[in-house]
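Student: For reference, the structure I am asking about is given below.
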Amino acid sequence: MSAKDYVEKDYYKVLGVPKDATAAEIKKTYRKLAREFHPDANKGDAKAEERFKDISEAYDVLSDDKRRKEYDEARSLFGSGGFRPGGPGGGSFDFGDLFGNTAGAGSGGLGDVFGGLFNRGGRQAQPRRGADVETEVTLSFEEAVDGATVPLRMTSQAPCRSCAGTGAKTGTTPRVCPTCVGAGTVSRGQGAFALSEPCRDCKGRGMIVDDPCTVCHGSGRASSARTMQVRIPAGVQDSQRIRLKGKGAQGERGGQPGDLYVTVHVDTHPVFGRKGDNLTVTVPVTFPEAALGGTIEVPTLNGPAVKLKLPAGSANGLTMRARGKGATRKDGTRGDLLVTVEVMVPKHVTGDALTALEQYREATASDDPRAALFQAAEGA
């Protein structure tokens, strides 16, 4: 909160006490209002929560004699005195210049006079983003190719149900941290620069719990187990890490939830393999099919078989392509099915088959497939 906001905000009016109220009267009024507007007593009421924050902020200033004196002096000098925005000349008045820039450290200027009040923060604790959560899931080969919705059971930190995330025991209230004034961070000078870091006294929460909750021990957070349905996109690869935005642990003080990171493991398939967006399959063919050519039937992953034309004289290891029968891409289209031919050689040949092969060998005796190999070796 800026110096201007402090000067213009009437903390006495917030608590409903006169300016000459004693410390005891301020404390008594604060306790009454805190019980009335505490989040436990007004669950889901945003206005009551905001009122509770204003009450705590006002009490934090007025309950401290030194800070109350500084606040009263600032209000007397600027809240209703001669220094007001838009003076007689019609010029504007810059509170930032007055408190922060017109006087250096230790110069005795107004920045030093009111530094104890304004330089301590005066800000409400900022929303804190929830933590990221890591988990793993194992999919079948088919689920990875086409996508799947799977249940994931996760354990993460969430606001404690017993204290509604305040960290305070039921019936009590946390107080604003006097060190960071509810900001959760403090600035420490490093030469000409000021570094902001989490407040050590309140551990960055902005509030201090004197009577901690027996369930979360004052942290305001507790482990929460939940099961959620998560959509794994089609075409996911083995060991791929998927980020699901906003599906992680819940935030604090209205902060955004963290993200969920899912590492996917994919089971192997007894027939098909994967190569990027394409699926692979090895299909055995007979020697006559490879030599003479023909039409062969090839299985697909999630559909009827397809027929491919095998050219005559096909060598072992020849790869053919069945378009659109592969894995699903991000844009909804599919890759291809890569079909590798494996020529099968029979281990035992008898009868007519043996006679036919012997005749074939005699008919092709002049065709030496290794002749070119020897020629190349001799010429090297």
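Going by full-length UniProt numbering, the first residue of the sequence shown is number 1, and it counts up by one from there.
Just so you know, even glycine gets a beta-carbon here, dropped at the ideal spot from N, CA and C.
(1) With a threshold of 16 other CB atoms inside 10 Å of the CB of residue 207, please say whether the residue is buried or exposed.
(2) The alpha helix (DSSP H) with residue 28 in it runs from where to where?
(3) At what residues does the beta strand (DSSP E) containing residue 307 begin and finish?
(4) Look at residue 345 and residue 272 and say whether their C-beta atoms are less than 8 Å apart.
(5) What are the start and end residues of the beta strand (DSSP E) that includes residue 225?
(6) Please give me, in chain order, every unbroken run of the beta strand (DSSP E) with length at least 3 that falls completely inside the UniProt zinc finger region "CR-type" (147-225).
(7) Using DSSP with H/G/I as helix, E/B as strand and the rest coil, what is residue 115?
(8) Mapping DSSP to helix, strand and coil, what is residue 322?
(9) List the endpoints of the continuous alpha helix (DSSP H) containing residue 351.
(10) Please state if the CB of residue 312 and the CB of residue 292 are separated by a distance shorter than 8 Å.
(11) Measuring alpha carbon to alpha carbon, tell me which of 227, 178, 35 ends up nearest residue 171.
(12) Assuming residue 254 and residue 145 form a contact by the criterion Cβ under 8 Å, report the distance between their Cβ atoms to the nearest whole angstrom.
(13) Quick test of the definition: if touching needs 3 or more C-beta pairs under 8 Å, does the segment 314-327 touch the segment 254-263?
(14) CB-CB under 8 Å to residue 256, same chain, minus the five flanking residues each way: which ones, in chain order?
(15) Identify, in the order they occur along the chain, each residue of the same chain with its Cβ nearer than 7 Å to the Cβ of residue 148, setting aside the five sequence neighbours on each side.
(16) Please report how far the alpha carbon of residue 14 lies from the alpha carbon of residue 38, in whole angstroms.
(17) Terminal residues of the continuous beta strand (DSSP E) containing residue 275?
(18) Indicate, with yes or no, if the ligand MN has a heavy atom lying under 7 Å from the CB of residue 39.
(19) For residue 59, which residues in the same chain have their Cβ closer than 6 Å to its Cβ, ignoring the five residues on either side in sequence?
(20) For residue 301, does the three-state DSSP call read helix, strand or coil?
(21) Name the one or two DSSP bridge partners that residue 241 has.
(22) When the Cβ atoms of the segment 292-308 are set against those of the segment 351-363, are three or more pairs found closer than 8 Å?
(23) I need the straight-line Cα distance from residue 179 to residue 227, nearest angstrom please.
(24) Within its chain, find whatever has a CB closer than 7 Å to the CB of residue 329; leave out the 5 residues flanking it on each side and keep chain order.
(25) Pick out whichever of 175, 240, 168, 133 has its Cα sitting closest to the Cα of residue 224.
(26) Going by beta-carbon coordinates alone, are residue 185 and residue 197 separated by less than 8 Å?
(27) So is residue 367 buried or exposed if we call it buried at 16+ other beta carbons inside 10 Å?
(28) Using the Cα positions of residue 331 and residue 349, report the straight-line distance between them to the nearest angstrom.
(29) Compute the Euclidean distance between the alpha carbons of residue 289 and residue 282, then round it to the nearest angstrom.
(30) With distances taken Cα to Cα, identify the nearest neighbour of residue 69 among 23, 310, 304, 136.
(31) Please classify residue 237 as buried or exposed, where buried requires at least 16 other C-beta atoms within 10 Å of its C-beta.
(32) Return the CA-CA distance between residue 64 and residue 205, expressed in angstroms with no decimal places.
(33) For residue 369 and residue 279, I'd like the C-alpha separation in whole angstroms.
(34) Considering only the alpha carbon of each residue, which of 305, 67, 217, 296 lies closest to residue 314?
(35) Apply the 10 Å Cβ neighbour rule to residue 76 and answer buried if 16 or more other Cβ atoms are within range, or exposed otherwise.
(36) Ends of the alpha helix (DSSP H) at residue 288?
Tutor: So, from the data block:
(1) Counting C-beta atoms within 10 angstroms of its own C-beta, residue 207 has 16 or more neighbours from the protein chains shown and is therefore classed as buried.
(2) Element bounds for residue 28: 23-37.
(3) Unbroken beta strand (DSSP E) run through residue 307: 306-310.
(4) No, Cβ-Cβ distance for residue 345 and residue 272 is not below 8 Å.
(5) Note, residue 225: beta strand (DSSP E), 221-232.
(6) Counting only runs of 3 or more, we get 148-159, 185-190, 193-198.
(7) Because the pLDDT at residue 115 is just 41, under 50, the model does not fix this residue reliably, and the point stays unresolved.
(8) In the three-state DSSP reduction, residue 322 falls in the strand class (E or B).
(9) Start and end: 351-363.
(10) Yes, Cβ-Cβ distance for residue 292 and residue 312 is below 8 Å.
(11) For residue 171, the closest C-alpha among the options 227, 178, 35 is that of 35.
(12) So it is not a contact: roughly 41 Å between Cβ atoms.
(13) Because the criterion of three Cβ pairs below 8 Å is not met, the segment 314-327 and the segment 254-263 do not touch.
(14) Within its own chain, the residues whose Cβ lies closer than 8 Å to the Cβ of residue 256, once the five positions on either side in sequence are excluded, are 127, 129, 130, 246, listed in chain order.
(15) Leaving aside the five residues that flank residue 148 on each side, the residues in its chain whose CB is nearer than 7 Å to its CB run, in chain order, 139, 232.
(16) Using only the alpha carbons, I get a separation of about 15 Å.
(17) The continuous beta strand (DSSP E) containing residue 275 extends over residues 273-275.
(18) Annotation note on the ligand MN: not contained in the displayed structure, which lists no ligands.
(19) Non-local beta-carbon contacts of residue 59 in its own chain, meaning distances under 6 Å to residues more than five positions away in sequence, involve 30 in chain order.
(20) Three-state result, residue 301: coil.
(21) According to DSSP, residue 241 shares a beta bridge with 263.
(22) The segment 351-363 and the segment 292-308 do not touch, with fewer than three beta-carbon pairs separated by less than 8 Å.
(23) Whole-angstrom Cα-Cα distance: 40 Å.
(24) Excluding the 5 residues flanking it on each side, residue 329 has same chain C-beta neighbours closer than 7 Å at 235, 277, 335, in chain order.
(25) The shortest Cα separation from residue 224 among 175, 240, 168, 133 belongs to 133.
(26) Going by beta carbons, residue 185 and residue 197 fall inside the 8 Å limit.
(27) When all chains shown are included, residue 367 counts as exposed.
(28) Rounded to the nearest whole angstrom, the CA to CA distance from residue 331 to residue 349 is 51 Å.
(29) Between residue 289 and residue 282, the C-alpha separation is close to 15 Å.
(30) Residue 23 holds the alpha-carbon nearest to the alpha-carbon of residue 69 among 23, 310, 304, 136.
(31) So residue 237 ends up on the exposed side.
(32) CA-CA distance, residue 64 to residue 205, rounds to 21 Å.
(33) Straight-line spacing of the CA atoms in residue 369 and residue 279 works out to 33 Å.
(34) Ranking the options by Cα distance to residue 314, first place goes to 296.
(35) Residue 76 should be labelled exposed.
(36) Element bounds for residue 288: 287-292.
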